[in-house]
Every structure is written in structure tokens, then in C-alpha cells.
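S.K.: In UniProt numbering, the protein residues as written are 335 to 503.
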Ligand code: ADP
């Protein structure tokens with residue numbers, strides 16, 4: 335074997351750690367904010383054990399909403415959807431944790447609240463697809479793109495929560 339300088343090992347460890355930290359973009363849409371569901375929704379992600387690493391309240395412009403939903407631009411509801419997303423404050427967040435992308439979607443429930451299971455956010459709190467209160471990235475690539483679209487790198491925090499530390503300091 336060959337030896338690397340200590341600093342190189344440290345950098346490698348950090349890279350491994352960073353590569354393992356899965357992150358997803360979650361947004362409470364204007365209907366969820368206006369209905370006063372912010373704390374209810376955040377509580378569900380917190381109680382599951384996911385970690386909040388970025389959060390801000392923003393009113394997106396329509397062109398920003400079009401960028402966010404660009405995959406849906408051929409759909410008949412695209413224009414109304416972008417009007418709606420830019421109609422008021424959106425709570426944009428990044429959540430971190432093992433399996434957070436897929437499990438976040440599970441917590442959210444199916445796109446159409448009529449088909450979302452009870453116990454999910456949309457199942458418990460929403461009724462129609464055009465007002466389904468929350469967005470969550472649907473895969474690793476989308477998560478990366480959406481985090482980069484909504485947040486600047488310096489707005490993303492990186493920290494070890496007290497529960498993750500052996501001595502609770
Ligand atoms: P999801 O938000 O579950 O990832 P999609 O990416 O398919 O679902 O759609 C994005 C958003 O577009 C949905 O959350 C919903 O607000 C809206 N939407 C989807 N389908 C319809 C529809 N048939 N009519 C109106 N709005 C829709």
C-alpha cells in the first residue's frame with residue numbers, strides 16, 4: 335500500500351460524508367402557507383427524523399415557477415399551475431437524511447389527494463390536485479436541480495444535530 339498525507343485522508347473522509355448526505359427539496363405551496371399548515375407539515379418531517387438544512391419564505395415570479403415546473407410545460411394545467419405557485423409566499427426547504435427523497439414522497443402522498451392514503455400529508459390535509467399544498471422532488475437528479483434553483487450554496491447549512499452526537503453536546 336502507499337501512504338497519503340494526513341490532510342488527504344481528511345479530505346477523503348469529508349467527501350465520503352458529503353456523498354452520503356441525501357437531500358431533497360420540499361416546498362409548501364401558497365395554499366398550504368395560507369391555510370396555516372406550515373407547522374403541521376414541518377412537524378411530520380421533523381418527527382420522522384429528517385434534518386432541516388435550509389428554509390426561506392419567497393414569492394416566486396411566474397418565470398421562476400415556469401423554470402421549477404419546466405418538465406410539465408406541455409401539460410394543459412401548466413399555465414394555471416405556474417400562476418398559482420407565484421400567487422403568494424412559498425416555504426422553500428431542503429431536508430436531509432437517509433432515504434429522504436423517496437420517503438419524503440411517501441410522507442407527502444400521491445399527487446391527487448383523492449388517491450393519497452390517509453396518514454399522508456395530502457391524504458390528511460388536501461382534497462383537489464390543483465391545491466395539493468406541498469411539493470417534493472421526485473428523484474436524485476430533480477432534487478439536485480431543484481435545490482440549486484431555489485437556494486444559493488451559502489444558504490445551505492451543514493451540521494451535526496445533537497442526537498447524532500454520542501455525548502449530546
Ligand atoms: P407531484 O407534485 O406529486 O410531483 P406532478 O409533478 O405530476 O406531481 O405535478 C406537479 C403539480 O402539478 C402537482 O403537485 C399539482 O399541483 C399539479 N397538477 C398535476 N396534475 C394536475 C392536474 N391534472 N390538474 C391540475 N393540476 C395538476
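Cβ coordinates follow ideal geometry from the N, Cα and C atoms, glycine included.
For residue 404, count neighbouring C-beta atoms within 10 Å of its own C-beta (all shown protein chains included) and say buried if the count is 16 or more, exposed if not.
M.R.: Result: exposed.
S.K.: Drop a sphere of 10 angstroms on the beta-carbon of residue 477, count the other beta-carbons inside from all chains shown, and report buried for 16 or more, exposed for fewer.
M.R.: buried
S.K.: Apart from the five residues on each side of it in sequence, which residues of its chain come closer than 8 Å, Cβ to Cβ, to residue 350?
M.R.: Here the model assigns residue 350 a pLDDT of 47, short of 50, so the residue's position is not dependable, and the following value carries that caveat. So the list is empty, once near-sequence residues are dropped.
S.K.: Under a Cβ-count criterion, where at least 16 other Cβ atoms within 10 Å of its own Cβ denotes burial, should residue 413 be classed as buried or exposed?
M.R.: So residue 413 counts as exposed.
S.K.: Which class does residue 494 belong to by DSSP, given the choice of helix, strand or coil?
M.R.: coil
S.K.: How about residue 389 and residue 427: are their beta carbons less than 7 Å apart?
M.R.: yes
S.K.: Measuring only from the beta carbon, is residue 415 closer than 6 Å to any heavy atom that is part of the ligand ADP?
M.R.: yes
S.K.: Here's the rule I'm using: 16 or more other beta-carbon atoms within 10 Å means buried, otherwise exposed. How should residue 393 be labelled?
M.R.: Exposed, by the Cβ-count rule.
S.K.: Let me check you understand the geometry: is the CB of residue 479 closer than 6 Å to at least one non-hydrogen atom of the ligand ADP?
M.R.: no
S.K.: On the DSSP bridge list, what partners appear for residue 389?
M.R.: 427
S.K.: Does residue 358 come out as helix, strand or coil in the three-state DSSP assignment?
M.R.: Three-state DSSP puts residue 358 in a strand.
S.K.: Classify residue 468 as helix, strand or coil using the three-state DSSP reduction.
M.R.: strand
S.K.: When you compare the region 461-473 with the region 353-367, are there three or more beta-carbon pairs, one atom per stretch, that lie closer than 8 Å?
M.R.: yes
S.K.: Would a C-beta distance cut-off of 7 Å place residue 384 and residue 433 closer than the cut-off?
M.R.: no
S.K.: Taking DSSP as the reference, what is the three-state secondary structure of residue 479?
M.R.: When secondary structure is reduced to three states using DSSP, residue 479 falls in the helix class.
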